[in-house]
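Accompanying notes for the structure given below.
There are 2 protein chains.
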Amino acid sequence: MISVVLIGAGNVATHLYHALNKAKNVDLRQWYNRSLPSIESYKNQVSITNNLNDLVEADVYIIAVSDDAVKPLSIALPFENRLVVHTSGSVGIHDLDKKHKRGVLYPLQTFSKSSELDFSNVPICIETLEKEDFKTLSTLAKALGSTYYKINTEQRQTLHLSAVFVNNFTNQLYRVAHEISDAKSIDFDILKPLILETAKKVQHISPYMAQTGPAKRNDKKTIKKHLKLLEHQDHKAIYQLLTNAIKKTHGR
Amino acid sequence: MISVVLIGAGNVATHLYHALNKAKNVDLRQWYNRSLPSIESYKNQVSITNNLNDLVEADVYIIAVSDDAVKPLSIALPFENRLVVHTSGSVGIHDLDKKHKRGVLYPLQTFSKSSELDFSNVPICIETLEKEDFKTLSTLAKALGSTYYKINTEQRQTLHLSAVFVNNFTNQLYRVAHEISDAKSIDFDILKPLILETAKKVQHISPYMAQTGPAKRNDKKTIKKHLKLLEHQDHKAIYQLLTNAIKKTHGR
Ligand SMILES: NC(=O)c1ccc[n+]([C@@H]2O[C@H](COP(=O)([O-])OP(=O)(O)OC[C@H]3O[C@@H](n4cnc5c(N)ncnc54)[C@H](OP(=O)(O)O)[C@@H]3O)[C@@H](O)[C@H]2O)c1
Ligand SMILES: NC(=O)c1ccc[n+]([C@@H]2O[C@H](COP(=O)([O-])OP(=O)(O)OC[C@H]3O[C@@H](n4cnc5c(N)ncnc54)[C@H](OP(=O)(O)O)[C@@H]3O)[C@@H](O)[C@H]2O)c1
Numbered sequence: 001m002i003s004v005v006l007i008g009a010g011n012v013a014t015h016l017y018h019a020l021n022k023a024k025n026v027d028l029r030q031w032y033n034r035s036l037p038s039i040e041s042y043k044n045q046v047s048i049t050n051n052l053n054d055l056v057e058a059d060v061y062i063i064a065v066s067d068d069a070v071k072p073l074s075i076a077l078p079f080e081n082r083l084v085v086h087t088s089g090s091v092g093i094h095d096l097d098k099k100h101k102r103g104v105l106y107p108l109q110t111f112s113k114s115s116e117l118d119f120s121n122v123p124i125c126i127e128t129l130e131k132e133d134f135k136t137l138s139t140l141a142k143a144l145g146s147t148y149y150k151i152n153t154e155q156r157q158t159l160h161l162s163a164v165f166v167n168n169f170t171n172q173l174y175r176v177a178h179e180i181s182d183a184k185s186i187d188f189d190i191l192k193p194l195i196l197e198t199a200k201k202v203q204h205i206s207p208y209m210a211q212t213g214p215a216k217r218n219d220k221k222t223i224k225k226h227l228k229l230l231e232h233q234d235h236k237a238i239y240q241l242l243t244n245a246i247k248k249t250h251g252r
Numbered sequence: 001m002i003s004v005v006l007i008g009a010g011n012v013a014t015h016l017y018h019a020l021n022k023a024k025n026v027d028l029r030q031w032y033n034r035s036l037p038s039i040e041s042y043k044n045q046v047s048i049t050n051n052l053n054d055l056v057e058a059d060v061y062i063i064a065v066s067d068d069a070v071k072p073l074s075i076a077l078p079f080e081n082r083l084v085v086h087t088s089g090s091v092g093i094h095d096l097d098k099k100h101k102r103g104v105l106y107p108l109q110t111f112s113k114s115s116e117l118d119f120s121n122v123p124i125c126i127e128t129l130e131k132e133d134f135k136t137l138s139t140l141a142k143a144l145g146s147t148y149y150k151i152n153t154e155q156r157q158t159l160h161l162s163a164v165f166v167n168n169f170t171n172q173l174y175r176v177a178h179e180i181s182d183a184k185s186i187d188f189d190i191l192k193p194l195i196l197e198t199a200k201k202v203q204h205i206s207p208y209m210a211q212t213g214p215a216k217r218n219d220k221k222t223i224k225k226h227l228k229l230l231e232h233q234d235h236k237a238i239y240q241l242l243t244n245a246i247k248k249t250h251g252r
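Order-wise, the sequence lines are chains A and B. The opening position of the first sequence corresponds to residue 1 in the UniProt record's numbering, with each subsequent residue numbered one higher. The opening position of the second sequence corresponds to residue 1 in the UniProt record's numbering, with each subsequent residue numbered one higher.
Following this line, the structure appears as structure tokens:
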């Protein structure tokens, strides 16, 4: 049984709360947030507090707050020599106050309060300074139902960067498609199955193998036609840059 | 009961074959390909031919061949006044020989022979010159289990272009993430759940609402750090262009 204190009440913390609460072999001892209102409705299910001096003892303290708040919060914790971890893709492990045993439990997923998420779909990237702490965190990840990976700081920062490509940038391409199709009164719903299938395809074959389309074939006629169809300079620039990137990747 | 003759044996035609064969209320009367070997193994399930003069009568002839071959093939068909449709996103309806009743049945999905595809996940964009033919094709689409949409030539070409953004370009972003993570010996598997979740998110909320990340927040510190981490000029250029696009979309 691993005992946990959860700190923060944003997207990640809220999902963690539900997963920790449900997990066997996890004793969620307390939930802290600087402001009580956001966690008040849970007070019958877990002990809540907004006072750091009231924090109880636990095997792991998970700090799931805004990146900039991780360091000051770790300093403000009124104890030492306990395992304190953050959940950020970009904050260093050494940004945690060195009075603690330190670690990182970075869930590589996109969290928003509104949508449900099964932790079996949340890979957890673990970094610790001590082997023994790695064992604790990997046991915790397993208890949540997650797959876990041993990831050092440099790798974690690279993963965070990769996540920007596959999540934020991909989503912006969806947005561009939405803009283009809206302009011709086309229902965006028509594109949704393709969006899903594109993501599904790379679950079992590599993006390199999955590529198709005019850029890969270097189909100049279609590329020219598409550039003519695009009315916004910004859309044209994205079309050109990514078309050239695909051509280069596939030796065209 | 709608009778169909299928022409071509590529990715689309092969998926159509299986779906048509299985569909109730569809009588798949014949399968033509210019070369027999690719359809020979089906000869016990359907009448096959490589001779246009042997084509039997049917309600609909579906030409699912390479874009450039659609027009010459429609001219070569040795009959007239029957409903002949192609499956292309970019070929015009008037590229079909005018001796035919003409239509388009454009399946907005990515097909590859190797992976299974349920036609309930294939939106079908229908265009016809005559109302009566639209009825025939929409009945056919329903028989396949597909959702169908009435889409004119301009809209279809815009959809084809949008598909390049959400399919080919998105896939190239996956590829970039693969390159970046490979360079640091990171298992690409870690990114797969995020890829899937990103696509799932926009099934029920708009890409605009779904956006998160450093560009949307205009988090200059992280953006600078990411640009420093990127080793390839090509990756940097994509990062910069899409970061600026997101900032612009979200008024930063
Ligand atoms: N969202 C994701 O998809 C995602 C994915 C992986 C990792 N992460 C990481 O997880 C962490 C939390 O992200 P999030 O998306 O959950 O953030 P969020 O939804 O914006 O929530 C931020 C939380 O931090 C608290 N907070 C902010 N400033 C604070 C301060 N100075 N002192 C104490 N608490 C403070 C907020 O408290 P109030 O409620 O009082 O405002 C809130 O509970 C970050 O390190 C982030 O990089 C996020
Ligand atoms: N692939 C997709 O994801 C997708 C999605 C939506 C729409 N489409 C459209 O569907 C159509 C077919 O695409 P596909 O991906 O199935 O193509 P494909 O896999 O490349 O197959 C092409 C087919 O066309 C035949 N063909 C080529 N040139 C010909 C000619 N001059 N005369 C007669 N037949 C010829 C080929 O015959 P052989 O077998 O003898 O070579 C083959 O059966 C295209 O219009 C395409 O734009 C494709």
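By construction, the Cβ of each residue, glycine as well, lies at the ideal position given by its N, Cα and C atoms. What you are looking at is a predicted structure, and each value in this text was computed from that prediction instead of being measured.
In three-state terms, what does DSSP make of residue i?
i	result
A:K135	helix
A:T49	strand
B:P72	helix
B:L83	strand
B:K150	strand
A:I205	coil
A:P193	helix
A:P78	coil
B:V91	coil
B:V166	helix
B:D187	coil
A:N121	helix
B:D142	In the sequence as presented, Asp is not what sits at residue 142 of chain B; that position holds Lys. The answer is helix: DSSP assigns B:K142 an H, G or I state.
B:L159	helix
Counting along the chain, where does the alpha helix (DSSP H) carrying residue i start and finish?
i	result
B:R175	170-182
A:L241	233-249
B:R217	214-217
B:Y17	11-22
A:E40	37-40
Compute the minimum distance between the beta carbon of residue i and the heavy atoms of ligand 3, and state whether it is under 7 angstroms.
i	result
B:T243	In terms of ligand content, the structure shown lacks ligand 3 and carries ligand 1 and ligand 2 instead.
Using only CA atoms, which one of the options lies nearest to residue i?
i	options	result
A:V164	B:L96, B:N171, B:Y239	B:Y239
B:T128	B:T139, B:A141, B:G103, B:A69	B:G103
A:K216	A:A237, A:R252, A:I93	A:R252
A:A141	A:H226, A:D219, A:I62	A:I62
A:P193	B:Q157, B:S146, B:I180	B:S146
B:F111	B:N171, B:L96, B:V202, B:H15	B:H15
residue 265 of chain B	B:S3, B:L6, B:G213, B:K224	Any answer about residue 265 of chain B is impossible in this case: the structure gives chain B only from 1 up to 252.
residue 256 of chain A	B:D95, B:I7, B:N21, B:E154	Because chain A is modelled from 1 through 252, residue 256 of chain A falls outside the range shown and cannot be assessed.
A:S47	A:V5, A:L73, A:D59, A:A19	A:V5
B:S138	B:L242, B:V85, B:N21, B:H226	B:V85
B:A9	B:N33, B:N25, B:L28, B:K22	B:N33
A:S90	A:I75, A:L20, A:E57, A:A69	A:A69
A:L105	A:K201, A:L117, A:G92	A:G92
B:F134	B:L161, B:R156, B:K101	B:K101
A:S35	A:K99, A:N25, A:N51	A:N51
A:T87	A:F79, A:K71, A:E80	A:K71
B:K221	A:S114, A:K247, A:T198, A:D67	A:D67
Which residues mark the beginning and the end of the beta strand (DSSP E) in which residue i is found?
i	result
A:T128	124-128
A:S3	2-7
A:I63	60-63
A:K113	Note, A:K113: premise wrong, no beta strand (DSSP E); not H, not E.
A:K224	Where A:K224 is concerned, there is no enclosing beta strand (DSSP E), although the alpha helix (DSSP H) it sits in stretches over 220-229.
A:K101	101-107
B:L28	26-32
Below 7 angstroms, is the gap between the Cβ of residue i and the nearest heavy atom of ligand 1?
i	result
A:D67	yes
A:N33	yes
A:V70	yes
A:S138	no
A:H86	yes
Could you tell me whether any non-hydrogen atom of ligand 2 is closer than 7 angstroms to the CB of residue i?
i	result
B:A141	no
B:F111	yes
B:G10	yes
residue 279 of chain B	Shown here, chain B extends from 1 to 252; a query on residue 279 of chain B therefore has no answer.
B:A199	no
B:Y106	yes
A:H250	no
B:S146	no
> At a Cβ cut of 8 angstroms, what residues of the region 206-227 of chain A count as close to chain E, listed as they run along the chain?
Replying inline: No chain E is present in this structure, whose protein chains are A and B.
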